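These notes are about the structure you will find just below.
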Amino acid sequence: MEAVTRLVKIRTSKTTLAIGDGANDVGMLQEADIGVGISGAEGMQAVMASDFAIAQFRFLERLLLVHGHWCYRRIAAMICYFFFKNITFGFTLFWFEAHAMFSAQPAYNDWFISFYSVAFTSLPVIALGVFDKDVSSRVCLEVPSLHQDGVNNVFFSWSRILSWMLNGMCCSIIIYFGSLNAILVQAVRQDGRVAGFDILGVTMYSCVVWTVNCQLALYISYFTWIQHFVIWGSILIWYTFLVIYGLFSPAISATAYHVFVEACAPSPLYWLSTLMIVVTALIPFFVYKISRTLYYPQYHDQVQRANSKNW
Amino acid sequence: MNSHAAGTSNGGSGDAAAGGAARRNTRMPKYSKFTQQELPACKPILTPKWVVSVFFIVGVIFVPIGVVSLLAARDVVEIIDRYDEACVPSNMTENKLAYIQNETISKECIRNLTVTKDMKQPIFVYYELDNFYQNHRRYVKSRNDAQLRDASKANQTSACEPEKTTANGQPIVPCGLIAWSLFNDTYNFTRGNENLTVDKKDISWKSDREHKFGKDVYPSNFQNGALKGGATLNPKIPLSEQEDLIVWMRTAALPTFRKLYGRIYFDLKENDTITVRLNNNYNTYSFGGKKRLVLSTATWLGGKNDFLGFAYLIVGGLCIFLAFAFTLLYFVKPSTSIGAPSINFGGLEPDNQLFCFTTLLTLVLHTAILLIVDFSVLAKASVYHYFSLTPYTSGNANPICGFGRKLGDHNYLSWNRHPAGR
Numbered sequence: 027m028e029a030v031t032r033l034v035k036i037r038t039s040k041t042t043l044a045i046g047d048g049a050n051d052v053g054m055l056q057e058a059d060i061g062v063g064i065s066g067a068e069g070m071q072a073v074m075a076s077d078f079a080i081a082q083f084r085f086l087e088r089l090l091l092v093h094g095h096w097c098y099r100r101i102a103a104m105i106c107y108f109f110f111k112n113i114t115f116g117f118t119l120f121w122f123e124a125h126a127m128f129s130a131q132p133a134y135n136d137w138f139i140s141f142y143s144v145a146f147t148s149l150p151v152i153a154l155g156v157f158d159k160d161v162s163s164r165v166c167l168e169v170p171s172l173h174q175d176g177v178n179n180v181f182f183s184w185s186r187i188l189s190w191m192l193n194g195m196c197c198s199i200i201i202y203f204g205s206l207n208a209i210l211v212q213a214v215r216q217d218g219r220v221a222g223f224d225i226l227g228v229t230m231y232s233c234v235v236w237t238v239n240c241q242l243a244l245y246i247s248y249f250t251w252i253q254h255f256v257i258w259g260s261i262l263i264w265y266t267f268l269v270i271y272g273l274f275s276p277a278i279s280a281t282a283y284h285v286f287v288e289a290c291a292p293s294p295l296y297w298l299s300t301l302m303i304v305v306t307a308l309i310p311f312f313v314y315k316i317s318r319t320l321y322y323p324q325y326h327d328q329v330q331r332a333n334s335k336n337w
Numbered sequence: 016m017n018s019h020a021a022g023t024s025n026g027g028s029g030d031a032a033a034g035g036a037a038r039r040n041t042r043m044p045k046y047s048k049f050t051q052q053e054l055p056a057c058k059p060i061l062t063p064k065w066v067v068s069v070f071f072i073v074g075v076i077f078v079p080i081g082v083v084s085l086l087a088a089r090d091v092v093e094i095i096d097r098y099d100e101a102c103v104p105s106n107m108t109e110n111k112l113a114y115i116q117n118e119t120i121s122k123e124c125i126r127n128l129t130v131t132k133d134m135k136q137p138i139f140v141y142y143e144l145d146n147f148y149q150n151h152r153r154y155v156k157s158r159n160d161a162q163l164r165d166a167s168k169a170n171q172t173s174a175c176e177p178e179k180t181t182a183n184g185q186p187i188v189p190c191g192l193i194a195w196s197l198f199n200d201t202y203n204f205t206r207g208n209e210n211l212t213v214d215k216k217d218i219s220w221k222s223d224r225e226h227k228f229g230k231d232v233y234p235s236n237f238q239n240g241a242l243k244g245g246a247t248l249n250p251k252i253p254l255s256e257q258e259d260l261i262v263w264m265r266t267a268a269l270p271t272f273r274k275l276y277g278r279i280y281f282d283l284k285e286n287d288t289i290t291v292r293l294n295n296n297y298n299t300y301s302f303g304g305k306k307r308l309v310l311s312t313a314t315w316l317g318g319k320n321d322f323l324g325f326a327y328l329i330v331g332g333l334c335i336f337l338a339f340a341f342t343l344l345y346f347v348k349p350s351t352s353i354g355a356p357s358i359n360f361g362g363l364e365p366d367n368q369l370f371c372f373t374t375l376l377t378l379v380l381h382t383a384i385l386l387i388v389d390f391s392v393l394a395k396a397s398v399y400h401y402f403s404l405t406p407y408t409s410g411n412a413n414p415i416c417g418f419g420r421k422l423g424d425h426n427y428l429s430w431n432r433h434p435a436g437r
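Chains as they are written, first to last, in our numbering: chain A, 27 to 337; chain B, 16 to 437.
Here it is in structure tokens:
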């Protein structure tokens, strides 16, 4: 049977799924792109050779229509969002280099950069990739044509990937030039002190963290306490980290020593510019999302909207 | 329909009556809202009502903030005076470098500033430099924080090349290019007969003074070499009190920057004439830099910068405009998606493609314009910097402020390629 599967796979260039429950199905399961093994009367050999294991044949419907739809959407969104958040962050460093003679001077303190993907923006992405749902399982089963989104590669097409990347680049431009023009060169506080390299770094970084997390909040369609916790928690972790790191001696914290508590937090300019930059950076995506879902909806948008009341 | 898996064979009958611990007879995992993804959730759906309200609220919050910020920025009075060109004597305008490097020519310069509006004390005095890359990596690294903090670590001069030790091997305190290039123009202000003293205390950040620069660290061997990069330091004053140095060593973010020089605690009236006696010591001529003197007041928002106010107004106005636009659109062309979903297989519909394309094109164009503007500024600065390097003869004894060649000089930076260097 694996010969048949191979034939179908090669000749039609489509993704194949094979389902079986016995030892004789092992070859077929391994040959197919997705092998679903059924555990039960004929033992566990099929399960051990499969990618997914289910207990009964009829669970296949749920596997494909519900979990397939959800997982496809989650993974595609997660990858696109990953590109977005790293481009937003990385390009601010790049624009700064244009003003630092391309001497490879990072715009931020080293530990800020190290912790970006670990502490400040990692958990929300997991929340997106694991928990996001656009429609309930009942709707997935009732509207099987939603499964065609995956077949037609709606969520991971090149235009989507490139649009997210472009969104990241535009956000980084807005963040960088916004912080630059708002914070420099005049005094940032009433005591007449000006912003140096460290204050600009903290301002830009705060804007980046806020923007990428709020962008996620704008994107996801299913908010449980977990999503709230990780999104707002990540932002809180950033500020907490800044304060705690600033308390370490200057031998360790270098340019971040007391920078938030002493310089940024008492400055209304810092908070106002963060608010302005974050909202400005999010407006393009928001307008796009409105135009897309209200005026040029795709099939899944329509299904989601039609079923929003009876989840 | 039997929804239990094969494990029911161990007799699921009559156990309920037997009491005792509830024995699970199935292999079905224990139900929990978390694993079944049925946690209570809020599922926001974009409706025209939400869209209009969000934009309207954002607009209504932003416009007043913009107005307030703009008013605060307008309240600030700022006097800017560029003096590096004007202070070169008329017979030396062709050869500014010779002028600045010649110790015998007096660098004193008198400038007159007119106050445009009433300025209330404290008035902040800044010096503003242009085309000075304090954010260049080589420059930023060229310091040793341990040495600045602790007198016992005076010998630690790593990363301070080329300004780390004297010819005899004695460590320079404070070492590094940042300290070496300390700004050394001075300003004196008088109004008529009245001397406006400049308070130079408390111009640096408190955390710098108290924790980064030691109270028992004194300058030694500073600016002793053949090349003087900037100001000299009084070796009797500890670093924690050398506020000019502390302010200078907090490196700036961009090539155009201001640093606080001092404060004047006098009120200035409109049309007052302030006479500035300045010493035009610092050499910015060899790299095409500019020097400006800035007198400014400050409000709760800081100094004079219209950007934030305008940005808030523009974004707030845009949001209100979008709120109205979407309201109008809602009445003229109700959104098409409410109601029964229409079957639509396959990718984008033609007008979706056009929509995506125009959005992408607009964003690409904006990005391209910004990149072009940005890089042309950078290219101009780099080209000017590169070509304005003048040949530097090492036979020139003791030039004052002959700093300009150092950063760009490939011969000088050959230590950069030394195995021990970075």
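Built from N, CA and C at the ideal position, the CB exists for glycine as well.
All figures in this text were calculated on a predicted structure; none of them were measured in a lab.
Asked, Found
"So, is the C-beta of Trp315(B) closer than 8 Å to a C-beta in chain A?", "yes"
"Please classify Ile316(A): does DSSP put it in a helix, a strand, or coil?", "helix"
"To the nearest angstrom, how far is the alpha carbon of Asn413(B) from that of Ala126(A)?", "At Asn413(B) the pLDDT is 35, less than 50, meaning the model places this residue with poor confidence; the figure from the coordinates comes in the next sentence. The straight-line gap from Cα to Cα measures roughly 30 Å."
"When you compare the stretch 268-287 of chain A with the stretch 301-308 of chain B, are there three or more beta-carbon pairs, one atom per stretch, that lie closer than 8 Å?", "no"
"Quick one: what's got a C-beta closer than 8 Å to Ala174(B)'s C-beta in the same chain, skipping five residues either side?", "Lys156, Ser157, Arg158, Asn159, Gly191, Arg437"
"Mapping the DSSP letters down to three states, classify Ser232(A) as helix, strand or coil.", "helix"
"List, in order along the chain, the chain A residues whose C-beta lies closer than 7 Å to that of Gln139(B)?", "The sequence given here has Phe at residue 139(B), not Gln. Near Phe139(B) (Cβ distances below 7 Å), the residues of chain A are Ala213, Gly218."
"Counting along the chain, where does the beta strand (DSSP E) carrying Asp47(A) start and finish?", "That residue, Asp47(A), is in no beta strand (DSSP E); it is neither H nor E in DSSP."
"Quick check: the Cα distance between Leu472(B) and Phe198(B), rounded to an integer number of angstroms?", "Residue coverage of chain B in this structure runs from 16 to 437, which leaves residue 472(B) outside it and unanswerable."
"Please report the straight-line C-alpha distance between Val214(A) and Tyr322(A), rounded to a whole angstrom.", "44 Å"
"Among Ala72(A), Met191(A), Ala67(A), which residue has its Cα nearest to the Cα of Ala44(A)?", "Ala72(A)"
"Whole-angstrom Cβ separation of Val67(B) and Ala338(B), contact assumed at under 8 Å?", "5 Å"
"Looking at the ligand SAH, does it come within less than 7 Å of Ile72(B), judged from the CB to the closest heavy atom?", "This structure lacks the ligand SAH; in fact it carries no ligand of any kind."
"Name the two residues that bound the continuous beta strand (DSSP E) containing Phe78(A).", "78-80"
"Distance cutoff 8 Å, beta carbons only. Does Gly222(A) sit that close to anything in chain B?", "yes"
"Are Phe139(B) and Gly218(A) closer than 8 Å when you measure CB to CB?", "yes"
"Quickly, what does DSSP pair Met134(B) with across the bridge? List them, please.", "Leu283(B)"
"Which chain A residues are close to Asp160(B), counting only those with a beta carbon under 9 Å from its beta carbon?", "Pro276, Ala277, Ala280"
"In the DSSP assignment, find the unbroken alpha helix (DSSP H) run with Tyr202(A) in it and report its ends.", "184-209"
"Whose CA, out of Ile187(A), Gly204(A), Cys97(A), lies closest to the CA of Val161(A)?", "Cys97(A)"
"State yes or no: is the C-beta of Phe286(A) within less than 8 Å of the C-beta of Val269(A)?", "yes"
"Quick check on Asn203(B): does DSSP put it in helix, strand or coil?", "strand"
"Helix or strand or just coil, what does DSSP make of Pro186(B)?", "strand"
"Check whether the Cβ of Gly204(A) lies closer than 8 Å to any Cβ atom in chain B.", "yes"
"Can you list the residues of chain A that Val66(B) reaches, using a CB-CB cut of under 9 Å?", "Phe312, Ile316, Leu320"
"Going by CA-CA distance only, name the one from Asn239(A), Thr319(A), Ala75(A), His95(A) that's closest to Ala49(A).", "Ala75(A)"
"Among Arg99(A), Gln330(A), Gly227(A), which one has its Cα closest to the Cα of Leu119(A)?", "Gly227(A)"
"Measuring alpha carbon to alpha carbon, tell me which of Asp321(B), Ile335(B), Thr201(B) ends up nearest Cys124(B).", "Thr201(B)"
"On a Cα-Cα basis, can you pick out the residue from Phe228(B), Asn298(B), Gln238(B) that is closest to Met264(B)?", "Phe228(B)"
"In the DSSP assignment, what residue or residues form a beta bridge with Ile60(A)?", "Leu43(A)"
"Identify whether Asn333(A) lies in helix, strand or coil by the three-state DSSP scheme.", "coil"
"Where in the stretch 224-289 of chain A do unbroken runs of the alpha helix (DSSP H), each at least 4 residues long, occur, reported from the N-terminal end onward?", "251-273, 276-279"
"Starting from Lys306(B), trace the beta strand (DSSP E) in both directions and tell me its first and last residue.", "305-311"
"Roughly how many whole angstroms lie between the Cα atoms of Pro44(B) and Ala81(A)?", "12 Å"
"Which of the three DSSP states is assigned to Gly69(A) in this structure?", "strand"
"Pull out every residue of the stretch 45-57 of chain B whose Cβ sits closer than 8 Å to any Cβ of chain A, in chain order.", "Gln52, Leu54, Pro55, Ala56, Cys57"
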